[in-house]
Each structure stands twice: as structure tokens, then as C-alpha cells.
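Trainee: Residue numbers (UniProt numbering): 1 to 193. Sharing a structure, written as C-alpha cells. Questions coming.
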């Protein structure tokens with residue numbers, strides 16, 4: 001994983017092979033290093049992967065995006081570990097006085113897909129209105145692993161036939177078939193160096 005932070009807030013947390021990795025940042029121009037936010041985030045992730053349920057608001061976040069996407073991503077932070085939410089429900093949380101259409105659900109999906117701070121802003125908890133696991137920038141195998149780590153009963157979820165193809169439903173065997181989302185090194189980038 002790669003983290004991007006200054007001394008005030010976390011700006012990014014990405015899987016190194018994910019879609020939209022480092023989008024909006026010139027990561028090659030930022031020094032590799034550590035600061036207090038990176039250390040705190042690393043400790044938070046250690047607690048998360050140890051199933052210790054860390055406080056989702058313990059790390060200051062810099063969600064640098066449009067006001068609409070900020071509302072969506074802030075709404076995601078209120079979805080507790082072990083729970084899921086649909087795109088439509090998330091849209092209703094972000095704009096409670098608006099009629100949520102399919103187009104709005106797609107806009108919510110766009111905001112979720114471009115989330116720069118995975119896991120802490122838990123976009124892996126968003127599922128389709130029919131209960132299927134849908135796309136995830138880190139890949140559906142990681143999404144499934146994160147939900148299982150949080151105790152979501154994945155037997156009632158559905159998985160696409162292929163990544164991005166949601167036409168065929170299959171029940172998921174919740175025994176891990178893929179590498180755990182928690183494995184791997186964390187590369188850190190500090191904006192202060």
C-alpha cells in the first residue's frame with residue numbers, strides 16, 4: 001500500500017495495483033518518508049487488520065474533491081465495520097431531500113470509485129441494490145476479503161462472473177481463496193520532505 005500525508009492530514013491510501021492509484025497527485029515528485037500522520041495511520045491499519053475496530057475518525061483526512069463527492073465520502077465514514085450500504089442508500093444519506101435516480105446512483109458510484117483514501121473511507125462496504133458485490137478500485141477479491149475480515153456474512157452476497165460483469169450471480173464461498181488484503185508492504189510518502 002502507499003500512503004500520502006503531510007503533518008496535518010492523510011491525503012491518500014492506495015493499494016499499489018489499484019485503479020486510480022495516486023490520481024490527482026504527482027507521486028513521483030514527492031519524497032518518500034514518514035511523519036506523524038503516516039505513523040498514526042500505520043498503527044490504525046495494524047489495529048484494523050487485527051480486528052480491534054479502531055476509531056474511524058482517529059486520523060485527520062484531507063478529502064480534496066468536489067463538494068458532492070465530499071458528502072458521499074463523508075457519508076461512507078459513518079458506515080460501521082461489519083455493515084454494508086447500497087449506492088442508493090449512500091446517495092440518500094448524502095442528499096436526503098433529493099429523489100435518487102439511477103443516474104444519481106451512478107454519480108455515487110463515480111465518487112466511490114475515485115475515493116483516494118481506501119479502508120479509512122470504507123468504499124469496500126458499498127454493494128449493489130440487489131446485494132451483489134460490485135466494482136472496487138482495489139479489486140473485488142480485496143473487497144470480499146475486507147468484508148470478510150469485518151465479519152460480513154458473504155454467503156448472502158453475490159460476486160460478478162468476471163470483474164466488472166454483474167450479469168451472473170453466484171454465491172460466494174467465504175473461505176479465503178485469494179491473498180489477504182492485509183498482506184504486503186506499506187510504502188509511505190510524506191509531503192513535508
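Note that beta-carbon positions come from the ideal geometry of N, C-alpha and C, so glycine has one too.
Pop quiz: residue 45 and residue 117 are said to be a contact at Cβ under 8 angstroms. What is the actual Cβ separation, rounded to whole angstroms?
Mentor: The pair is not a contact, with the Cβ atoms about 12 angstroms apart (cut-off 8 angstroms).
Trainee: My understanding is that residue 108 touches residue 87, with C-beta atoms under 8 angstroms, so please give their C-beta distance in whole angstroms.
Mentor: The Cβ separation is near 5 angstroms, so the contact holds.
Trainee: Give the secondary structure of residue 8 by DSSP, where H, G and I count as helix, E and B as strand, and everything else as coil.
Mentor: Three-state DSSP puts residue 8 in coil, outside helix and strand.
Trainee: Please determine, among 3, 34, 129 and 72, the residue with the shortest C-alpha to C-alpha distance to residue 123.
Mentor: Checking every option, the nearest Cα to that of residue 123 belongs to 72.
Trainee: Count the other C-beta atoms from every protein chain shown that fall within 10 angstroms of the C-beta of residue 112, then say buried if there are 16 or more, exposed otherwise.
Mentor: The residue is buried, with at least 16 neighbouring Cβ atoms inside 10 Å.
Trainee: Within a Cβ cutoff of 7 angstroms, which residues of the same chain sit near residue 83, ignoring the five residues on either side of it in sequence?
Mentor: These residues qualify, in order along the chain: 125.
Trainee: Report yes if the CB atom of residue 119 is closer than 8 angstroms to the CB atom of residue 13, and no otherwise.
Mentor: Yes, these two residues count as a Cβ contact at 8 angstroms.
Trainee: What residue range does the alpha helix (DSSP H) around residue 69 cover?
Mentor: Start and end: 67 to 76.
Trainee: Locate the alpha helix (DSSP H) running through residue 142, then write down its first and last residues.
Mentor: That run of the alpha helix (DSSP H) goes 140 to 149.
Trainee: DSSP on residue 179, reduced to helix/strand/coil?
Mentor: Low local confidence applies: a pLDDT of 29 at residue 179 is under 50, so the model's placement there is unreliable, with the coordinate-based value given in what follows. In this structure, residue 179 counts as coil in the three-state DSSP scheme.
Trainee: If you draw a straight line from the C-alpha of residue 61 to the C-alpha of residue 92, how long is it?
Mentor: So the alpha carbons of these two residues sit roughly 23 angstroms apart.
Trainee: Expressed to the nearest angstrom, what Euclidean distance is found between the alpha-carbon atoms of residue 115 and residue 77?
Mentor: In a straight line, the C-alpha of residue 115 is about 12 angstroms away from that of residue 77.
Trainee: Note down the Cα distance separating residue 65 from residue 134, rounded to an integer number of angstroms.
Mentor: If I take the Cα positions, the gap works out to 23 angstroms.
Trainee: Can you tell me whether DSSP reads residue 84 as helix, strand or coil?
Mentor: In this structure, residue 84 counts as coil in the three-state DSSP scheme.
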